[in-house]
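For the sequence shown, our numbering begins at 296 and goes up steadily by one. All C-beta atoms, glycine included, are put in the ideal place defined by N, C-alpha and C. Predicted, not measured: the structure shown is a model, and the values here were computed from it. These notes are about the structure you will find just below.
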Amino acid sequence: MYMLSLKQSAGMGFDEKESLEAITANLISFLQLKSQRLYRHSLQVANYSISIAAKLGLPKSEIELIKHAALLHDVGKLSLSNSLLAKAPYLNRTEKALYRRHAAAGGNMLENIPCCQDIVPYIVHHHERWDGSGFPKHLRGANIPFGARIIAVADYYDTIINPSSDFWAKTKQQAVRELFSASGLLFDPEIIKAFIDTLGQ
């Protein structure tokens, strides 16, 4: 079972004195054991998020936090069964409610670790949407933490350009058009513009 609590994490090889780098590396190894696809997705979302943050001219310290949050944005899925993950997005109402807990679950895993405090909001809110239609808190617009807005775009793009059992992968051109359509609706327009600019480089 992959349900983890850092209050009971002695067997995972880190404690409250560990560095953010060490905790990220440890949890990424658990993601890799859980699912190679989930692991590769986390790495790619981190790469895209770093590119966006750099394009926006954020300080190196903030880019570093966004990198770690992006790597761990789906860490809450360690608490979900493989059968549930395999069914997404074809879930019934009960299953969907369970699935949507993964964002908050990721935050719960890290909230009591001092070095993780700054990345918890980015992890918890990476499924929020600009128009308030996301989860878990239905935050809207500028109320969504900025790092979470960046990760949301990177996460969405990587999901739609990669084939899965859920849908055929979109081409880069199709994905960019979809991002344009979602700008100001699902995602922060500033971040969409920055990301599309990086894709053109």
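In the same chain as G427, and ignoring 5 residues on each side of it, the C-beta atoms closer than 6 Å to its own belong to H433 and R435, in chain order. Cα atoms of H363 and R388: separation of roughly 31 Å, rounded to the nearest angstrom. In the DSSP assignment, P484 falls within the unbroken alpha helix (DSSP H) covering P484 to L494. The region 395-411 makes no contact with the region 351-359; the number of CB pairs closer than 8 Å stays below 3. DSSP places G442 in the uninterrupted alpha helix (DSSP H) bounded by F441 to I456. When the alpha-carbon of P440 is set against those of D453, Y452, E423 and T454, the nearest one is in E423. Distances from the CA of K465 to each of P384, Q331 and D453 were compared; the closest alpha carbon is that of D453. With fewer than 16 other Cβ atoms inside 10 Å of its own Cβ, E316 counts as exposed. Going by DSSP, A392 is part of the alpha helix (DSSP H) stretching over R388 to Y394. As the crow flies, the alpha-carbon of D492 is around 25 Å from that of I414.
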